[in-house]
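Visitor: Sending over a structure as structure tokens; questions will come in a sec.
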Amino acid sequence: MVEGKQHKLYSQYLCLLGKLFLDHKTLCFDVDPFQFFILTENNSRYNTKNIVGYFCREKSMNEDINLACIMVLPPYQRRGYGKFMICFSYFMSGQIDNRMCTPERPLSNMGALSYMSFWKDKIFDSLRTNKQFRKAHFDVSIREIGEYANIQLDDILLTLQSQDMIKYWKGTYLVKNVSQRFLDTYFRQKKRKEEQLIKDGVGLQLKFDPKYVIKAKMSLMKASKPKEVGAKKQREAQ
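Numbered according to numbering that gives the first Met the number 0, the sequence shown spans residues 0 to 237.
This is how it looks when you write it as structure tokens:
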């Protein structure tokens, strides 16, 4: 993770790199409020780490935006890296910061496809694994899903509408046309497809360990705390 304020030139170069592949990107020089998360791939042949892509988010927690920009370099696209970074950003904002979040708009065409795929997987996984949802026979509101999956309600509604899986009843949007059998079949087919992509050398099996993310977050908080305390004492002395 790179702090834009502390490593301004490096962060600006990242933004300029992203602008080559993202027509709508405007952030280039005002990098101070942002944190940049850079994904690299180990190159064992040359013992180097190659940049695959990055995403950035604003440090302010006042808004429910968990990602300001995401970019995967063309040679590494369609290999699961974009979805991996999206998953990481939702873990940071959801399970650590406990917020229902959404990415900043507009999204690129490829970004929109990646997010729609991620939202669908996350929503379906919530319906499949949450015992309370299963007991309700999938008569579940989008707010319940949002609170469980940390996805903003508009994104859930958009995803379920695209699958014709939403109904409006007594002032509430509910999930429809879903069963345990449907969900099991969906994830079984998804797993077979991923295994085939890995076998063909196109896809990658990407996972991250949440405990290391939490440790990194705590380390960052501890590192920033002494500076804040020192600044406070200096202001009081003045």
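Where is the CB? At the ideal position from N, CA and C, for every residue including glycine. Quantities reported herein were computed from a predicted structural model and do not represent experimental measurements.
If you pair each beta-carbon of the region 84-95 with each one of the region 57-71, do three or more pairs fall below 8 Å?
Guide: Touching, yes.
Visitor: Near Arg98, what residues of its chain come up, given a Cβ to Cβ distance below 7 Å and the 5 sequence neighbours on each side ignored?
Guide: Excluding residues within five positions, the ones whose Cβ falls inside 7 Å are Asp63, Ser92, Asn149.
Visitor: Where does the unbroken alpha helix (DSSP H) through Arg56 begin, and where does it stop?
Guide: Element bounds for Arg56: not the alpha helix (DSSP H) but the beta strand (DSSP E), 47-57.
Visitor: Between Asn129 and the rest of its own chain, which residues show a CB-CB distance below 8 Å, the 5 nearest in sequence each way excluded?
Guide: Tyr147.
Visitor: For Phe28, count the other beta carbons within 10 Å of its own beta carbon; 16 or more makes it buried, fewer makes it exposed. Which is it?
Guide: Phe28 is exposed by the Cβ-count criterion.
Visitor: Cβ of Phe35 within 8 Å of Cβ of Val1?
Guide: Cβ atoms of Phe35 and Val1: closer than 8 Å.
Visitor: With Lys7 and Phe33 assumed to form a contact (beta carbons below 8 Å), what rounded beta-carbon distance in angstroms separates them?
Guide: Wrong, their Cβ atoms sit about 10 Å apart, outside the cutoff.
Visitor: Thinking C-alpha only, which one of Lys119, Gln195, Gln151 is nearest Cys163?
Guide: Reading the sequence as shown, one finds Asp at residue 163 and not Cys. Per the Cα distances, Lys119.
Visitor: What residue from Leu13, Leu182, Gln5 has the CA that sits closest to Tyr53's CA?
Guide: That would be Leu13, whose Cα lies nearest to the Cα of Tyr53.
Visitor: Among Asp138, Lys175, Ser116, which residue has its Cα nearest to the Cα of Arg77?
Guide: Checked all of Asp138, Lys175, Ser116; the closest Cα to Arg77 is Ser116.
Visitor: How many angstroms separate the CA atom of Gln131 from the CA atom of Phe181?
Guide: Looking at the two C-alpha atoms, the distance is approximately 18 Å.
Visitor: According to DSSP, what are the bridge partners of Glu40?
Guide: BP columns for Glu40 point to Asn49.
Visitor: Leaving out five residues on either side along the sequence, give the residues of the same chain with a beta carbon under 7 Å from the beta carbon of Thr171.
Guide: Ser140, listed in sequence order.
Visitor: Under the three-state reduction of DSSP, which class applies to Phe20: helix, strand or coil?
Guide: Three-state DSSP puts Phe20 in coil, outside helix and strand.
Visitor: Using the three-state DSSP reduction, which class does Cys27 fall into: helix, strand or coil?
Guide: Residue state, collapsed to three classes: coil.
Visitor: Could you name each continuous beta strand (DSSP E) segment of 3 residues or more that falls completely within the region 139-197, going from the start of the chain to the end?
Guide: Taking only runs of at least 3 residues, the beta strand (DSSP E) segments lying wholly in the region 139-197 are 165-168, 171-174.
Visitor: Using the Cα positions of Arg104 and Lys190, report the straight-line distance between them to the nearest angstrom.
Guide: Arg104 and Lys190: Cα-Cα distance of roughly 30 Å.
Visitor: For Ile37 and Asn49, what's the separation of their Cα atoms in angstroms?
Guide: If you take the alpha carbons of Ile37 and Asn49, they lie about 10 Å apart.
Visitor: By the three-class DSSP mapping on this structure, what secondary structure does Tyr9 have?
Guide: Correct three-state label for Tyr9: helix.
Visitor: Of the choices Cys100, Asp153, Leu106, whose alpha-carbon is the least far from that of Lys24?
Guide: Looking at the Cα atoms, Leu106 is the closest of the given residues.
Visitor: Take Lys226 and list the residues in its own chain whose beta-carbon comes closer than 8 Å to its own, dropping the five residues that flank it on each side.
Guide: Low confidence applies here, because Lys226 scores a pLDDT of 49, under 50, leaving its location unreliable; read the following figure in that light. Here the set comprises nothing.
Visitor: What is the residue span of the beta strand (DSSP E) that Asn65 lies within?
Guide: Here the beta strand (DSSP E) through Asn65 covers 64-66.
Visitor: For the candidate residues Val30, Ser43, Pro73, Tyr45, whose alpha-carbon lies nearest to that of Val51?
Guide: The residue with the shortest Cα to Cα distance from Val51 is Pro73.
Visitor: Confirm, please, whether the CB-CB distance from Ile122 to Thr158 is below 8 Å.
Guide: Yes, the Cβ-Cβ distance between Thr158 and Ile122 is below 8 Å.
Visitor: Between Thr101 and Gln160, how many whole angstroms is the CB-CB distance? I'm expecting something under 8 Å.
Guide: Contact flag wrong, Cβ pair sits at about 16 Å.
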